[in-house]
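What follows is a single structure, written as C-alpha cells, with notes after it.
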Amino acid sequence: MIPWSLIDTAQIPGTAQELRLMRRGGEFSIRLGADELMNSRLGGSEAALASLACERIKTRERPEILIGGLGMGFTLRAALAALGTRARITVAELVPAVAAWARGPMAEVFGDSLGDPRVRIHDGDVVALIAGVQSAFDAILLDVDNGPAGLTRTANDGLYDMTGLGAAHAALRPGGVLAVWSAGPDADFSRRLRQTGFGVEEVRTRANGARGGARHVIWIATRAERGRRASPKRTG
C-alpha cells in the first residue's frame, strides 16, 4: 500500500493547533492531531449539506449563500451544481493555507469551482461574518467542525450556542435555511435550534452517499416566512 506523505502544515489562527495536508497517491486528507477532518474520497454527506439546503431555496431568483469552511470543496461544488447562474456564494475560510491547497496540490480535486464567477472566497472567520449582517443570506451552510462543538478551535462554539444561533437566524432572510453538518446526533443542539425559532429537520446521510460509509447527520433549520412559524420534523 502507498504510504501517506505530508504535503504541508498550517496553523489555525488564534490557536496552537496545526492542520496537516496528507497525500497517498491521488487521495488527500486534512488532519488535526489524530483526527481526520476530511478526505477527498469521502464527500457524500458534505455534498448533501448543499443539495438539501439548496433544494429548499431553489425558487429564489438571486439566492445568496454563505458556506462556512472550504475543506475539500464538496459542499461548494454541490451548491454550484444545484444553483443557477444568478446565485452568489461566499465561502468563509479561516485558514488561508486551505484555499492555497485548493489552488495548488488539490487543484485537480477542486476543478474549476474556485474560478466560477458566482464564487467569492472570504479569508476570515465565519462567526464574525454571520454576526455582522442582517437578512443577508438565503442559506448558511456550516461544516467547520465535526459537529456542533468547537473541535478545530473553541471560538467556533460561538456558532452553536444560543447567541450564535440567534445571529444566524438574524442573518437569514425569511424562509432561509441554516444547514449544519455533524459526524453524529446531538439532541441538545436540536433543542437549541428550536428554542431559537427555527423549524428543524434532522437528516441522516452517509459519508459515501448512496455507496454507504459512516453515518452522519445534517440539520436543516428553517427561519419561518414572515407571519408564519416553521414546523419541526425529522427524516432519515
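With the numbering used here applied, the sequence shown corresponds to residues 19 to 254, in that order.
Backbone N, C-alpha and C define an ideal beta-carbon position, used for all residues, glycine too.
Asked	Found
DSSP state of Leu37 mapped onto helix, strand, coil	strand
C-beta contact flag for Ala185 and Ile158 at 8 Å	no
Local conformation of Asn80 per DSSP, three classes	It should be noted that the sequence gives Arg, not Asn, for residue 80. Reduced to three states, the DSSP call for Arg80 is coil.
Cβ pair Asp161, Gly87 closer than 8 Å	yes
Spatial distance of Gly51 from Glu79 (CA atoms)	43 Å
Residue burial classification, Pro1 (beta-carbon count within 10 angstroms, cutoff 16)	Past the edges of the chain, shown from 19 to 254, lies residue 1, and the structure says nothing about it.
Same chain, Cβ closer than 6 Å to Leu84, neighbours up to 5 away in sequence not counted	Thr108, Phe155 and Ile158
Cβ contact (3+ pairs, closer than 8 Å) linking the segment 123–130 and the segment 88–99	yes
Cα-Cα separation, Val218 to Val198	11 Å
C-beta atoms of Gly142 and Ala110 nearer than 8 Å	yes
Between the CA atoms of Met40 and Cys72 - distance to the nearest angstrom	31 Å
8 Å CB neighbourhood of Gly215 in its chain, flanking five on each side removed	His187, Arg241, Ala242 and Arg247
C-alpha gap between Pro21 and His234, whole angstroms	27 Å
Contact set for Arg138: own chain, Cβ-Cβ below 8 Å, skip 5 residues either direction	Arg106, Ile107, Thr108 and Val109
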